[in-house]
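To start, the structure under review is shown below, and the notes come after it.
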Amino acid sequence: MDSVITVEGLVKSYGSFTALHGLDLQVARGEVHGFLGPNGAGKSTTIRVLLGLLRADAGRVEVLGGDPWHDVVELHRRLAYVPGDVSLWPALTGGEAIDLLGNLRGGLDETRRAHLIERFELDTTKRGRQYSKGNKQKVALVAALCSDVELLILDEPTSGLDPLMEMVFQEEIEAEKARGRSVLLSSHILSEAEALADRVSIIRDGVVVETGTLDQLRHRTRTQVRATLERAPHTVEELALLEDAHLDGTHVSGAVEADRVGEAMALLGRYGITSLTVSPPSLEDLFLRHYGEGNSVAGDAGHVGRHAKPEA
């Protein structure tokens, strides 16, 4: 696989606290890769290493074929980063900030710049100090999406945007994917990742615990089944194929492994099916496998590396 990001055995510690415990991550060229996990799981530390803001303690890290710590200047001309808490130059207008960021990254597409400003309904004549949080995010997104770069690294990019602007963001990321642009998308919004990501990686306590396409991950999680039958089984034990089966008259609910859905349908068919709902696991279900009730997450370190700013 032609990869724009390759991480193998990444370790990063802050004093006695280890934030990353041998993390592996691979982002293929031309894909949108969802990077999922709650605050404290290690997402931001990983991204800071990828950006050359922190130096890895151990492991191999490669971005666009280079070492992000040693080749940081060259790599930042080929990638664009949008954090979840954007800081702008107070005296520069939004338009000036977009142009400055574009020039730092190797240029920007003026036609796309105008298109994105219109789509995000951004007033580029206001100065940085006048912008709300959401409008600061818009400036950073427009600057990233119109830049001539190969890779977008987006860390909670829709923070502060209203639902309408979140939809615009999703549409524009789809357009970037169609152009062959590669995207690493770190997000708390599972529906956003589910809509956009070709593959996802779920991080827990500094390691990636699941990675793959949604279809691949769904095969590892149970499918929910609800049915109304013509004839009720005598006892719930007759539905032993269903896990956590519940019988209420002719109404049946339960769960089944993804590769046994056909068997479950055949079993229910013996009683006659008048209505049926089969719900494959959502990304939220997959996520909750690792972050369900009783699962705690170690706090991600609050330290930052060179050029990095503390997160809010």
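Counting from 1, position 54 in the sequence shown corresponds to residue 55 in my numbering; the numbering is continuous, with no gaps. Where a beta carbon is used, it is the ideal one built from N, C-alpha and C, also for glycine.
* To do: Quick one: residues in its chain with C-beta nearer than 7 angstroms to the C-beta of E32, no 5 flanking neighbours on either side, listed in chain order?
  => The answer, listed in chain order, is S183, D199 and R200.
* To do: Could you name the residues of the same chain whose beta carbon sits closer than 8 angstroms to that of H235, not counting the 5 residues immediately before and after it, in chain order?
  => Taking H235 as the centre and dropping the five residues before and after it, the same chain places no C-beta closer than 8 angstroms to its C-beta.
* Limits of the beta strand (DSSP E) - the one that V5 falls within -> First-last of the beta strand (DSSP E) with V5: S4 to Y15.
* Tell me, please, which residues DSSP counts as bridged to A256. => According to DSSP, which records beta bridges pairwise, A256 is partnered with Q225 and E244.
* Put E157 into one of helix, strand or coil per three-state DSSP. => Residue state, collapsed to three classes: coil.
* Asked: Out of curiosity, what's the CA-to-CA distance linking G35 and L186?
  -> G35 and L186: Cα-Cα distance of roughly 5 angstroms.
* Buried or exposed: where does Q217 fall if 16 or more other Cβ atoms within 10 Å of its Cβ makes it buried? -> Exposed, by the Cβ-count rule.
* To do: Please confirm whether A265 and L242 have their CB atoms less than 8 angstroms apart.
  => Yes, these two residues count as a Cβ contact at 8 angstroms.
* Below 8 angstroms CB to CB, which residues in the same chain sit around P91 once its five sequence neighbours on both sides are set aside? => Listed in chain order, the non-local C-beta contacts of P91 below 8 angstroms within the same chain comprise R128, G129 and R130, local neighbours out to five positions each way being set aside.
* Inter-stretch contact (C-beta, 8 angstroms, three-pair minimum) for the stretch 78 to 96 and the stretch 152 to 168 -> At 8 angstroms Cβ cutoff, the stretches touch.
* To do: Please list, in chain order, all residues of the same chain as G161 whose beta carbon is under 6 angstroms from its beta carbon, the five residues on each side excluded.
  => For G161, where only same-chain residues beyond five positions count, the Cβ hits under 6 angstroms are K134, G135 and Q138.
* To do: For chain D, find out if any of its Cβ atoms is closer than 8 angstroms to the Cβ of L153; answer yes or no.
  => Here there is only one protein chain, and chain D is not present.
* Asked: From E244 to G255, what does the alpha carbon distance come to, in whole angstroms?
  -> CA-CA distance, E244 to G255, rounds to 6 angstroms.
* When the distance is taken between beta carbons, is V73 closer than 8 angstroms to T53? -> One point to set straight first is that residue 53 is Gly, not Thr, in the sequence displayed. Taking 8 angstroms as the Cβ cut-off, G53 and V73 qualify as a contacting pair.
* CA nearest to the CA of A1, picked from L105, R106 and L142 -> For the chain, the structure presents residues 2 to 313; residue 1 sits outside this window and is missing.
* Asked: What number of angstroms, rounded off, separates the C-alpha of L105 from the C-alpha of V257?
  -> As the crow flies, the alpha-carbon of L105 is around 53 angstroms from that of V257.
* Output the distance between the C-alpha atoms of S276 and T251, rounded to the nearest integer angstrom. => Taking the straight line from one Cα to the other gives about 11 angstroms.
* **D216, DSSP secondary structure in three states** => When secondary structure is reduced to three states using DSSP, D216 falls in the helix class.
* **Nearest to T126 (by Cα), restricted to the options A57, L93 and E173** => With distances taken between Cα atoms, T126 lies closest to L93.
* **Burial state of H77, where buried means 16 or more other Cβ atoms lie within 10 Å** => By the neighbour-count criterion, in which a residue is buried when 16 or more other Cβ atoms sit within 10 angstroms of its Cβ, H77 is buried.
* Asked: E173: buried (16+ other C-beta within 10 angstroms of its C-beta) or exposed?
  -> Looking at its Cβ environment, which holds 16 or more other Cβ atoms inside 10 Å, E173 is buried.
* Asked: Whose C-beta lies closer than 7 angstroms to the C-beta of I274 among residues of the same chain, with five residues either side of it excluded?
  -> So the list reads A228 and L230, once near-sequence residues are dropped.
* With C-beta atoms as the reference, is V253 less than 8 angstroms away from A246? -> In this structure, A246 lies closer than 8 angstroms to V253 by Cβ.
* Per DSSP, which one or two residues make a beta bridge with S280? -> Per DSSP, Q225.
* Asked: Can we count S187 as close to the ligand ZN, meaning its CB is less than 7 angstroms from some heavy atom?
  -> Of ligands this structure carries none, so the ligand ZN is not represented either.
* To do: Compute the Euclidean distance between the alpha carbons of I48 and T278, then round it to the nearest angstrom.
  => Straight-line Cα distance between these residues: approximately 40 angstroms.
* Exposed or buried, what is A179 when buried is set at 16 or more other beta-carbons lying within 10 Å of its beta-carbon? -> Counting Cβ neighbours within 10 Å, A179 comes out exposed, since fewer than 16 surround it.
* Where do the ends of the beta strand (DSSP E) carrying D100 lie? -> Segment G95 to L105 is the alpha helix (DSSP H) holding D100; no beta strand (DSSP E) there.
* Asked: Contact check, Y272 vs R232 under 8 angstroms by CB: the rounded distance?
  -> A Cβ-Cβ distance of about 5 angstroms is found for the pair Y272 and R232, placing them in contact under the 8 angstroms criterion.
* To do: Enumerate, from N- to C-terminal direction, the unbroken beta strand (DSSP E) stretches of 3 or more residues contained entirely within the stretch 47 to 99.
  => Along the length of the stretch 47 to 99, whole beta strand (DSSP E) runs at least 3 residues long occupy 59 to 64 and 80 to 83, reported in chain order.
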